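Engineer: The structure that follows is given in the form of structure tokens.
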């Protein structure tokens with residue numbers, strides 16, 4: 002691998018003669034196999050030599066993060082003294098980043114103790130198995146409930162050693178804190194419901210005293226509270242236009258945003274699209290809807306198909322092992338995470354200065370539905386497009402056609418008052 006990266010004999014000899022050359026070369030080969038670009042491999046190779054000269058990876062005891070941090074600070078100070086950097090912040094950051102990844106790869110890194118929520122990991126795993134095997138909930142619902150429960154348990158684990166010691170007061174304090182942090186009432190209510198489900202199961206297993214689940218209060222929610230909130234359709238068009246560049250990220254994001262805006266897909270549905278879900282011969286796209294546990298078929302709109310095809314031909318590595326359609330831009334290539342696809346939307350909305358209540362993918366779903374209603378489609382047609390089981394879930398979008406409501410209000414009913 003050194004011969005591939007370095008052409009100058011003196012540079013090559015320095016890397017060959019440096020400490021832990023075999024271990025460094027093995028890690029570089031691993032990174033190359035993960036799809037790292039040549040520039041990335043060069044940066045890693047240079048940093049590995051610096052690290053190996055300052056940290057003994059052959060020591061009998063594991064290497065701690067504090068040792069890495071100390072070596073990184075010393076390296077940054079040296080860089081400053083030699084006037085190679087102003088603050089040394091970037092040098093220190095890169096040193097730590099590469100060192101942690103390399104030492105973990107070698108198996109000589111002493112990872113910090115797992116966070117305290119693992120005190121409750123067995124109980125949480127039992128609860129998740131109950132949701133999956135006994136209640137038959139969808140994977141997305143289970144993931145959401147686990148996230149809520151994990152967040153609460155991480156919060157109380159600093160002062161609580163067992164579930165039996167958790168009180169209703171602890172739960173109230175946590176939910177109130179989330180409200181002060183800016184969570185809306187719907188989000189707080191969702192968290193309360195997840196905790197209620199967990200403690201109901203905990204009571205059944207006798208991990209805690211009975212009555213906690215029943216005592217968990219949710220904020221009051223009003224029927225059909227609030228209108229669907231998403232950017233204006235003109236802003237959605239600006240958003241999509243912002244991805245018209247030729248950079249790999251622009252090409253990928255262009256395809257993602259078109260899917261979200263034109264088909265009104267949920268975040269999980271867009272992330273769950275696989276290469277096999279695109280039938281190019283019949284021009285049909287298969288969308289799996291975990292929330293409804295069913296599959297829906299869409300005609301592949303020409304502009305969307307062209308955007309996806311450009312992404313597949315120019316950006317997505319053909320040798321990528323995962324079958325998900327959308328993957329990360331940089332190696333190691335892996336499917337986009339929920340936060341990853343949220344960032345695709347929110348970062349561009351903020352960059353354009355677009356003001357909206359919801360900056361994530363679901364805001365584009367709302368914008369799609371509102372636009373379809375405004376264009377005159379029936380609630381049944383809009384609901385079918387969004388994958389709703391009934392018009393009950395779609396009816397709220399009728400309330401956002403303000404222009405239509407104004408026409409009704411201005412209609413002359415023959416002098417009736």
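In this note's numbering, the protein residues as written are 2 to 418. Backbone N, C-alpha and C fix where the C-beta goes; we use that ideal spot for every residue, glycine too. It should be emphasised that the depicted structure is a prediction, and the values quoted were computed from it without experimental measurement.
For residue 10, which residues from the same chain have a beta carbon less than 6 Å from its beta carbon, with the 5 sequence-adjacent residues on both sides left out?
Structural biologist: There are no such residues.
Engineer: Give me the Cα-Cα distance between residue 410 and residue 140, rounded to the nearest whole angstrom.
Structural biologist: Below a pLDDT of 50, predicted positions are generally treated as unreliable, and residue 410, at 43, falls in that range; no measurement from the model is reported.
Engineer: Where does residue 355 sit, in a helix, a strand or coil, going by DSSP?
Structural biologist: It is coil, neither helix nor strand.
Engineer: In terms of alpha-carbon separation, which member of 268, 203 and 196 lies closest to residue 217?
Structural biologist: That would be 196, whose Cα lies nearest to the Cα of residue 217.
Engineer: Name the DSSP bridge partner or partners of residue 295?
Structural biologist: For residue 295, which the question treats as bridged, DSSP gives the partners 290.
Engineer: If residue 375 and residue 231 are in contact, beta carbons under 8 Å, what's the gap, nearest whole angstrom?
Structural biologist: Between residue 231 and residue 375 the Cβ distance is about 12 Å, and since that is not below 8 Å, they are no contact.
Engineer: Please report the Cβ distance between residue 74 and residue 93, rounded to the nearest whole angstrom; I am assuming they are in contact, meaning their Cβ atoms lie under 8 Å.
Structural biologist: About 6 Å separates the two Cβ atoms, so the contact holds.
Engineer: Got a sec? Which residues, its chain only, sit under 7 Å from residue 180 by beta carbon, not counting five neighbours each side?
Structural biologist: Correct list, in chain order: 189.
Engineer: Once the 5 residues before and after residue 330 are set aside, which same chain residues still bring their CB inside 7 Å of it?
Structural biologist: If we look at residue 330 and ignore the five residues flanking it on each side, its Cβ neighbours are 249, 250 and 253.
Engineer: Name the DSSP bridge partner or partners of residue 325?
Structural biologist: Answer by DSSP bridge pairing, in chain order: 275.
Engineer: Taking Cβ positions, are residue 199 and residue 121 nearer each other than 7 Å?
Structural biologist: The answer is no: Cβ separation not under 7 Å.
Engineer: Starting from residue 303, trace the alpha helix (DSSP H) both ways and give me its first and last residue.
Structural biologist: It spans 303-315 - the alpha helix (DSSP H) in which residue 303 sits, taken as one unbroken run.
Engineer: So what does DSSP say about residue 138, is it helix, strand or coil?
Structural biologist: Correct three-state label for residue 138: coil.
Engineer: For residue 13, which residues from the same chain have a beta carbon less than 7 Å from its beta carbon, with the 5 sequence-adjacent residues on both sides left out?
Structural biologist: Cβ within range, chain order: 3, 4 and 7.
Engineer: Would you mind reading off the limits of the alpha helix (DSSP H) that contains residue 66?
Structural biologist: 66-82 is the span of the alpha helix (DSSP H), which, as asked, contains residue 66.
Engineer: What are the boundary residues of the alpha helix (DSSP H) that residue 258 is part of?
Structural biologist: Residue 258 -> alpha helix (DSSP H) spans 249-264.
Engineer: By a C-beta neighbour count over all protein chains shown, 10 Å radius and 16 as the cutoff for buried, is residue 276 buried or exposed?
Structural biologist: Residue 276 comes out exposed.
Engineer: Any Cβ of chain C within less than 7 Å of the Cβ of residue 159?
Structural biologist: This model lacks chain C altogether, as it is built from one protein chain only.
Engineer: Looking at C-beta atoms only, is the number of pairs between the region 340-359 and the region 307-319 that lie closer than 8 Å three or more?
Structural biologist: The region 340-359 vs the region 307-319: no contact.
Engineer: Classify residue 300 as helix, strand or coil using the three-state DSSP reduction.
Structural biologist: If DSSP states are grouped into helix, strand and coil, residue 300 belongs with the strands.
Engineer: Can you check whether the CB of residue 201 is closer than 7 Å to the CB of residue 193?
Structural biologist: No, the Cβ-Cβ distance between residue 193 and residue 201 is not below 7 Å.
Engineer: Compare the C-alpha of residue 303 against each of 285, 247 and 80 and name the closest.
Structural biologist: That would be 285, whose Cα lies nearest to the Cα of residue 303.
Engineer: If you follow the alpha helix (DSSP H) that residue 48 is in, where does it begin and where does it stop?
Structural biologist: Here the alpha helix (DSSP H) through residue 48 covers 39-53.
Engineer: Once you ignore the five residues that flank residue 167 on each side, which residues in its own chain have a CB closer than 7 Å to its CB?
Structural biologist: So the qualifying residues of the chain are 157, 161 and 209.
Engineer: Taking the alpha carbon of residue 326 as the point to measure from, which residue in 126, 256, 133 and 165 has its own alpha carbon closest?
Structural biologist: Residue 256 is the option with its Cα nearest to residue 326.
Engineer: Please state whether the Cβ-Cβ distance between residue 332 and residue 19 is less than 7 Å.
Structural biologist: For residue 332 and residue 19, no; Cβs fall outside 7 Å.
Engineer: From residue 138 to residue 85, what does the alpha carbon distance come to, in whole angstroms?
Structural biologist: C-alpha separation (whole angstroms): 56 Å.
Engineer: Which residues in the same chain as residue 97 place their Cβ atom closer than 7 Å to its Cβ, once the five residues preceding and following it in sequence are excluded?
Structural biologist: Counting only Cβ-Cβ distances below 7 Å, and skipping sequence neighbours, we find 69, 70 and 73.
Engineer: Can the beta-carbon of residue 355 be found closer than 7 Å to that of residue 236?
Structural biologist: Their beta carbons are under 7 Å apart, which means residue 355 touches residue 236 by this criterion.
Engineer: Using 6 Å as the cut-off, classify the Cβ of residue 90 as near or not near the heavy atoms of the ligand ATP, replying yes or no.
Structural biologist: Annotation note on the ligand ATP: not contained in the displayed structure, which lists no ligands.
Engineer: How would you write the range of the alpha helix (DSSP H) that residue 131 sits in, first residue to last?
Structural biologist: Unbroken run through residue 131: none, as it is neither H nor E.
Engineer: Take residue 220 and list the residues in its own chain whose beta-carbon comes closer than 6 Å to its own, dropping the five residues that flank it on each side.
Structural biologist: Result list for residue 220: 186, 189 and 190, in chain order.
Engineer: Should residue 32 be labelled buried (16 or more other beta-carbon atoms within 10 Å of its own) or exposed?
Structural biologist: So residue 32 ends up on the buried side.
Engineer: Using the Cα positions of residue 318 and residue 369, report the straight-line distance between them to the nearest angstrom.
Structural biologist: Taking the straight line joining both Cα atoms gives about 31 Å.
Engineer: Rounded to a whole number of angstroms, what is the C-alpha to C-alpha distance between residue 313 and residue 320?
Structural biologist: Straight-line Cα distance between these residues: approximately 11 Å.
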